[in-house]
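Student:
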Amino acid sequence: MSFSFRGGRIFKTAIAVFITAWLCALLDWPATFAVITAIVTLEPTVTDSVKKSFVRFPASAIGAFYTVLSVFLLGHTPLTYTVSAALTIATCYKLKLHDGLLVATLTAVAMVDVVHSNFLIAFIVRLGTTTIGLLVSTAVNMLVFPPEYSTMIAKHLATSKQKLQELAPNVIQALIDGETDRSIHQAQMNALQKDMALTAKLLQFQEKDTFHPLAAKSKYPIAPQKSQFQALKLMTHHLENLLALPLTKPSWTTIEQLQLVEANKALATQWDTLDAQHYKEQLATITAQFFAEQRQATDTTFIPIESLLLFEIIALYEQLPKVKSQ
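Heads up: the sequence shown begins at 1110 in my numbering, then just goes up one per residue.
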């Protein structure tokens, strides 16, 4: 996207509001309802804009109908607003028009003050302004900086990968050494998880528009990005498990500890330039030690801390080939 996510949305909203108000002025229709509709219906994806328009139009028609009916029966009183809003909400819920609930209720109560006579004309004009707002908002979303998130996804994946690349070896080394203070690593993990959550949302947006004929074409194919994200997500999960291990120092022999330290350092260098043979050798070292710990375990009522630690390290680094830059 040429604009940032927020900047692009603000710019498109301004354009949609201007065009909507201008068209309403040409038709001598009240612009308030159309502008409200245009603002609310500007979605992050083209698919959602089109799909939800078919929900918001009948929902708005319901709101307009109840407003006209309430004014006709009750006049302009506080009870009119109450009845109009309550009936609109109840009917939209009953008909499962959830995506149209907000715009229908807002414009229903805003419409009370402008309905005085000619109730049928007021109802038709309300539907017309809703249609203008929906059409303009959808058209602007398609044509003006159409949503395209793959570039942002690529940047967030690179950022998450870099954070994980720095954090994972440090956490593993700290656990091998028996360190018990995990506050710094936990803070870094929280920041990583926020990045991953945002990336997941962007992937969801991009995937919705992948097959839509009117949506912008992705600069990066989504399948490799999803694959890389899933690998990073699994690594983050296993790293979180490592941080949740009991605050108990593992009982390593000097040789075992040196082997693990060397394997961890070696695997930490494999993130970008993966040497398949070297990677397999180092992972095999940790795996062999895992099974050795299992054979040496004398108490079978619980899993030793050493085995838990080794298992999570193995599971984490098994995802490394999938995390390579696509």
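Glycine included, every Cβ here is placed at the ideal spot set by N, Cα and C. Please read all numbers here as calculations on a predicted model, not as lab measurements.
Run through DSSP, which three-state label would residue 1361 get?
Tutor: coil
Student: According to the Cβ coordinates, are residue 1335 and residue 1312 closer than 9 Å?
Tutor: In this structure, residue 1312 lies closer than 9 Å to residue 1335 by Cβ.
Student: Taking the Cβ atom as the reference point for each residue, do residue 1379 and residue 1398 lie within a distance shorter than 9 Å?
Tutor: Cβ distance not < 9 Å, so residue 1379 and residue 1398 don't count as in contact.
Student: Taking the runs of the alpha helix (DSSP H) that are 4 residues or longer, which of them lie wholly in the region 1121-1179?
Tutor: 1140-1149
Student: For the alpha helix (DSSP H) that contains residue 1333, what are its first and last residues?
Tutor: For residue 1333, the uninterrupted alpha helix (DSSP H) segment begins and ends at 1331-1352.
Student: With DSSP as the reference, label residue 1316 as helix, strand or coil.
Tutor: Assignment of residue 1316 by DSSP, reduced to helix, strand and coil, places it in the helix class.
Student: Does the Cβ of residue 1121 have 16 or more other Cβ atoms within 10 Å, making it buried, or fewer, making it exposed?
Tutor: So residue 1121 counts as buried.
Student: Just the Cα atoms here: how many angstroms apart are residue 1253 and residue 1351?
Tutor: 46 Å
Student: Using only CA atoms, which one of 1318, 1211, 1169, 1348 lies nearest to residue 1272?
Tutor: Just measuring C-alpha positions, the residue of 1318, 1211, 1169, 1348 sitting nearest residue 1272 is 1348.
Student: Within its chain, find whatever has a CB closer than 6 Å to the CB of residue 1183; leave out the 5 residues flanking it on each side and keep chain order.
Tutor: 1189
Student: Going straight from the alpha carbon of residue 1155 to that of residue 1242, what length do you get?
Tutor: 15 Å
Student: Tell whether a beta-carbon distance below 9 Å holds between residue 1359 and residue 1423.
Tutor: no
Student: Over what stretch of residues does the alpha helix (DSSP H) that includes residue 1264 continue unbroken?
Tutor: 1259-1285
Student: Rounded to whole angstroms, how far is the Cβ of residue 1269 from the Cβ of residue 1308, which I believe are closer than 8 Å?
Tutor: Right, their Cβ atoms sit about 6 Å apart.
Student: Put residue 1237 into one of helix, strand or coil per three-state DSSP.
Tutor: helix
Student: Applying the 10 Å Cβ sphere with the 16-neighbour rule, what's the burial state of residue 1112?
Tutor: For residue 1112, the pLDDT reaches just 47, beneath the cut-off of 50, and the residue's location in the model is therefore unreliable, although a value from the coordinates is still provided. Per the 10 Å Cβ criterion, exposed.
Student: Check whether the region 1277-1284 and the region 1199-1206 are in contact - that is, three or more C-beta pairs closer than 8 Å.
Tutor: no
Student: Compute the Euclidean distance between the alpha carbons of residue 1110 and residue 1261, then round it to the nearest angstrom.
Tutor: Note that residue 1110 scores a pLDDT of 44, beneath 50, so its modelled location is shaky; the value from the coordinates is reported in the next line. In this structure, the straight-line span from the alpha carbon of residue 1110 to that of residue 1261 is close to 8 Å.
Student: Quick check on residue 1296: buried or exposed, where buried means 16 or more other Cβ atoms within 10 Å of its Cβ?
Tutor: exposed
Student: Please identify the residue among 1136, 1425, 1130 whose C-alpha is closest to the C-alpha of residue 1142.
Tutor: Of 1136, 1425, 1130, the smallest CA-CA separation from residue 1142 is found for 1130.
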